[in-house]
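Enquirer: Here it is: the structure, laid out below.
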Amino acid sequence: MRASITCSARVMPEGVYYKALKAEVDVVKGDINNLLWDLAVHRYTLQRVVDILWELDKIPKKSQVHQLFYPLLRSYGFRAHVARNIYTTALTLVKSVKENNGSKPVIRRMTARLDYQDAKVDVGNGVVRIIIRDKWYVLKVKHRREYIERFKGLRWKEVHVKYCNGRLYVSIVFVVKYSPYTPRGLLALDVNLKQIVTYDGASVRRYKTRFIDALSKKGRAEELQKKYPKRWRYNNRILKRIRSLHKRARNIVIDWCRKFAKEIVLGACRHRYAIALEDLSNLYKSMVRNRNTIVWELTMFAYRRLHESVVSKAIEYKIPVVFINPRSTSSTCPRCSTKLVYNHRLALCPKCSFISDRDKVGAMNTWFKALKAYAGELGSLLNAPAVKDETRQSGRTGNEGMKKVIKNIQI
Ligand SMILES: [Zn+2]
28 MRASITCSAR VMPEGVYYKA LKAEVDVVKG DINNLLWDLA VHRYTLQRVV DILWELDKIP
88 KKSQVHQLFY PLLRSYGFRA HVARNIYTTA LTLVKSVKEN NGSKPVIRRM TARLDYQDAK
148 VDVGNGVVRI IIRDKWYVLK VKHRREYIER FKGLRWKEVH VKYCNGRLYV SIVFVVKYSP
208 YTPRGLLALD VNLKQIVTYD GASVRRYKTR FIDALSKKGR AEELQKKYPK RWRYNNRILK
268 RIRSLHKRAR NIVIDWCRKF AKEIVLGACR HRYAIALEDL SNLYKSMVRN RNTIVWELTM
328 FAYRRLHESV VSKAIEYKIP VVFINPRSTS STCPRCSTKL VYNHRLALCP KCSFISDRDK
388 VGAMNTWFKA LKAYAGELGS LLNAPAVKDE TRQSGRTGNE GMKKVIKNIQ I
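Residue numbers (this note's numbering): 28 to 438.
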């Protein structure tokens, strides 16, 4: 019984997660041209280390790489930690590409990864000080005050500096401790391109997505490419139009996911619910048959984005998240587990005459699967040493609510 539960659902483990503050920056102290030069040298050096490692028959150990490159990197004027970062990055890059039989990596972006010895972060004032070779630069984060405030009090791990399209960006990685509360109920989500259906054990809610809008933008970009099959790559006007359509499609998805995640997570937090999502790792296999590439690409992108948004918000509000294997979630009856008969999107159970639409069935089944997963976990809690007995009687654990839910279901 336990085995079947663990393979069909997994609860997001508590522990340490990372969260990045990403923003454009202005150089307020130091010359931006010097900084860009430092970044250019950084890119050139990283590429050189990658080139040399690539030519070797056998990938050397980290200590050997250190002996090989450390003096060279120091001679380029890099500080000890940056030098170490450069050869470690090159080593992991070459290793992973060779393992996947890829072609030699080319570093196009002007980026640098800095740790605590080469950067100082002052979240309160929105200021980052960095050093790549021999000069310190002070960068001012250009973002809303409230956004920056969210990172106050968190410990930061590293700073990434990036120059692209004529702008300078930083991404500061913070360490977040995630210890979710014990849920009193569940909120299950069924996601598809048109709408998202939620089910909390009692009521069903539907949210219209904006993924179709994004898809139509992508469709228009593809039409343009078909209309000018040869010209579009070289004609600036068409190229610009195509790029802007893709960008707008992307932005629609990102914005909508962020807004939706916030609404869902705040709602779940108010009721102290856990959130149940479909596990995406199986999605790839089921979608491969779909020949329409733009639909496929956008679906993958939108689903992943939605998951990321919900998960990162859930971490922020300490909400438990459970991932459910989506297998047969829309094909079995949530009431009696018989195989459903479909007429278009309308499902009918031949045994108990349950009738509903596909998305609602998906949400309900996800909810039941998540409940089973939690019931299993609660079972193990109940079997645990009797420390919990007193607290349970005084109703302080918060498991009470969940137990009630489970009892109701059994009745
Ligand atoms: Zn049924």
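Glycine included, C-beta positions come from ideal geometry on N, C-alpha and C.
What does DSSP give as the partner residue(s) for residue 198 in the beta ladder?
Expert: Paired residues: 49, 187.
Enquirer: Which residues neighbour ligand 1 when neighbourhood means a C-beta less than 5 Å away from any of its non-hydrogen atoms? List them by chain order.
Expert: Any heavy atom of ligand 1 counts here; residues with a Cβ closer than 5 Å to one of them, in chain order, are 360, 362, 363, 365, 376, 378, 379, 381.
Enquirer: I believe residue 175 touches residue 47 by the beta-carbon criterion, under 8 Å. Please report the beta-carbon distance rounded to the nearest angstrom.
Expert: That pair is no contact at about 13 Å.
Enquirer: Below 8 Å, how does it come out for the region 335-352 and the region 299-306: are there three or more Cβ pairs, yes or no?
Expert: yes
Enquirer: Can you tell me whether residue 399 is helix, strand or coil according to DSSP?
Expert: Note: residue 399 maps to helix in three-state DSSP.
Enquirer: Rounded to whole angstroms, what is the Cα-Cα separation between residue 17 and residue 94?
Expert: As displayed, the chain neither begins before 28 nor continues past 438, which places residue 17 out of reach and without an answer.
Enquirer: Three-state secondary structure (DSSP) at residue 386?
Expert: helix
Enquirer: For residue 401 and residue 155, I'd like the C-alpha separation in whole angstroms.
Expert: 43 Å
Enquirer: Looking at the unbroken alpha helix (DSSP H) that takes in residue 112, where does it start and where does it end?
Expert: 107-126
Enquirer: Between 250, 354, 343, which lies nearest to residue 289 when the distance is taken from Cα to Cα?
Expert: The residue among 250, 354, 343 with its C-alpha nearest the C-alpha of residue 289 is 343.
Enquirer: Quick check: the Cα distance between residue 114 and residue 71, rounded to an integer number of angstroms?
Expert: 13 Å
Enquirer: So what does DSSP say about residue 229, is it helix, strand or coil?
Expert: coil
Enquirer: Can you give, in chain order, each stretch of the beta strand (DSSP E) that sits fully within the region 37-89 and has at least 3 residues?
Expert: As far as the region 37-89 is concerned, its whole beta strand (DSSP E) runs of at least 3 residues are 42-56.
Enquirer: Could you tell me which residues DSSP pairs with residue 137 in its beta bridges?
Expert: 190
Enquirer: Classify residue 270: buried if its beta carbon has 16 or more other beta carbons within 10 angstroms, exposed otherwise.
Expert: In summary, residue 270 is exposed, with fewer than 16 beta-carbon neighbours lying within 10 Å of its beta-carbon over all protein chains present.
Enquirer: For residue 184, which residues in the same chain have their Cβ closer than 6 Å to its Cβ, ignoring the five residues on either side in sequence?
Expert: 200, 202
Enquirer: Taking contact to mean 3 or more Cβ pairs, one atom from each stretch, closer than 8 Å, check whether the region 35-42 and the region 58-69 are in contact.
Expert: no
Enquirer: Need the endpoints of the beta strand (DSSP E) that residue 171 sits in, please.
Expert: No beta strand (DSSP E) holds residue 171; DSSP gives it neither H nor E.
Enquirer: Tell me the rounded alpha-carbon separation between residue 97 and residue 267.
Expert: 43 Å
Enquirer: I need the DSSP call for residue 368, collapsed to helix, strand or coil.
Expert: If DSSP states are grouped into helix, strand and coil, residue 368 belongs with the strands.
Enquirer: Could you work out which residue in 53, 225, 365, 265 is closest to residue 292 when comparing CA atoms only?
Expert: 225
Enquirer: Using 8 Å for Cβ pairs, my map puts residue 7 next to residue 384. What's the rounded Cβ distance?
Expert: No information on residue 7 is available, as it lies outside the stretch 28 to 438 that the chain covers here.
Enquirer: Taking 7 Å as the threshold (C-beta atoms), are residue 53 and residue 463 in contact?
Expert: Only positions 28 to 438 of the chain appear in this structure, which leaves residue 463 out of reach.
Enquirer: Which residues share a DSSP beta bridge with residue 305?
Expert: Note: residue 305 is bridge-paired with 351 in the DSSP secondary-structure output.
Enquirer: On a Cα-Cα basis, can you pick out the residue from 321, 216, 192, 123 that is closest to residue 243?
Expert: 321
Enquirer: Cβ of residue 361 within 7 Å of Cβ of residue 391?
Expert: yes
Enquirer: Evaluate the contact criterion for the region 245-253 versus the region 271-280: three or more CB pairs, one atom per stretch, below 8 Å.
Expert: Contact between the region 245-253 and the region 271-280 is present, because at least three Cβ pairs lie under 8 Å.
Enquirer: Could you tell me which of 102, 197, 283 sits nearest to residue 139, measuring between CA atoms?
Expert: 197
Enquirer: Residue 60 and residue 5 - do their beta-carbons sit closer together than 7 Å?
Expert: It is not possible to answer for residue 5, since the shown part of the chain is limited to 28 through 438.
Enquirer: Tell me which same chain residues have a C-beta within less than 8 Å of the C-beta of residue 221, skipping the five on either side of it?
Expert: Annotation for residue 221: 235, 236, 238, 239 place their beta carbon closer than 8 Å to its own, counting only its chain and skipping 5 residues before and after.
Enquirer: Taking the alpha-carbon positions, what's the residue 329 to residue 285 distance?
Expert: 11 Å
Enquirer: Pick helix, strand or coil for residue 92, following the three-state DSSP scheme.
Expert: helix
Enquirer: In three-state terms, what does DSSP make of residue 330?
Expert: Helix at residue 330.
Enquirer: Just the Cα atoms here: how many angstroms apart are residue 37 and residue 297?
Expert: 23 Å
Enquirer: By the 10 Å Cβ neighbour count, where 16 or more other Cβ atoms means buried, how is residue 261 classified, buried or exposed?
Expert: exposed
Enquirer: Leaving out five residues on either side along the sequence, give the residues of the same chain with a beta carbon under 7 Å from the beta carbon of residue 207.
Expert: 41, 345, 346, 347
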